[in-house]
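Reviewing the structure listed below.
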Amino acid sequence: RAEEIWLVISVGVLILSMVVTGYQAFAMDMAPPSHKETIDPQKVDETAPFDNPGVFQTEEGKYEVVMTLQIFSFTPNKIEVPAGSEVTFTMTSKDVVHGFQIAGTNVNAMVMPGHIQKITQTFEEPGEYLILCNEYCGAGHQMMSTTITVK
Ligand code: CUA
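This is the structure:
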């Protein structure tokens, strides 16, 4: 009967999706060591340091930017540091895979949900640097950008 066929199909789809999820967890585990630090993507807002995103001075000439990426935006969306600063970006995604590229530098990284990405860059030249998402992440992808002002 039709209902039974649909039942079989939906149970089949359910099992398949469980297998795929299991495989993804396994594949993530094989990720390179820099991507090993993990975080629950559902609880980013409650998990330190991401419960308090922003720009923090860690020592003389050094800053840490704690940043979350989510569809359409970077948080914080305004970053300002003095010229010559060494800036470490500590990042995670709250939803899908995003890219993190800083125009005019070699910085180019993937930021994945469930993982903490750290990138350090020294900004010698004053100016406004464009930060872009370079992984297609949905309808808002083209609008996903922010800036870092070095002065
Ligand atoms: Cu985020 Cu494209």
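Start counting at 1 in the sequence shown, then tack on 4, and there's your number in UniProt numbering.
Quick reminder that beta carbons are idealized off the backbone N, C-alpha and C, glycines included.
None of these values were measured; they are calculated from a predicted model.
Suppose contacts are defined by Cβ-Cβ distances below 8 Å. Is residue i in contact with residue j by that definition?
i         : j    : result
P80       : P57  : yes
T109      : L134 : no
T92       : P53  : no
V59       : V69  : yes
residue 4 : M114 : Coverage of the chain is limited to positions 5 through 155, which leaves residue 4 absent and any answer about it impossible.
Looking only at its chain, what residues have a beta carbon closer than 6 Å to the beta carbon of residue i, apart from the 5 residues adjacent to it on each side?
i    : result
N112 : Q105
V100 : C141
K155 : P130
Can you list, in chain order, the residues of its chain whose CB lies under 8 Å from that of residue i, leaving out five sequence neighbours each side?
i    : result
G88  : G65, T126, F127, E128
T51  : I43, D44
P117 : P45, T96, S97, K98, D99, V100, V101
M147 : F76
S149 : F78, L134, I135, L136, C137
Is residue i near ligand 1, with its Cβ less than 7 Å from a heavy atom?
i    : result
E139 : yes
M71  : no
H119 : no
M148 : yes
G103 : yes
DSSP state of residue i, grouped into three classes?
i    : result
V111 : coil
G26  : helix
E132 : strand
I13  : helix
Got a sec: is the Cβ-Cβ distance from residue i to anything in chain D below 8 Å?
i    : result
G103 : In the structure shown, chain D cannot be found, because there is only a single protein chain.
Who are the near neighbours of residue i in its chain, counting only those whose CB is closer than 7 Å to its CB and skipping five residues on each side?
i           : result
residue 158 : Here the chain has residues from 5 to 155 only, and residue 158 is not among them.
As an exercise, report each continuous beta strand (DSSP E) stretch of at least 3 residues that is fully enclosed by the stretch 42-106, in chain order.
Runs found: 58-63, 66-74, 77-79, 82-85, 89-97, 102-106.
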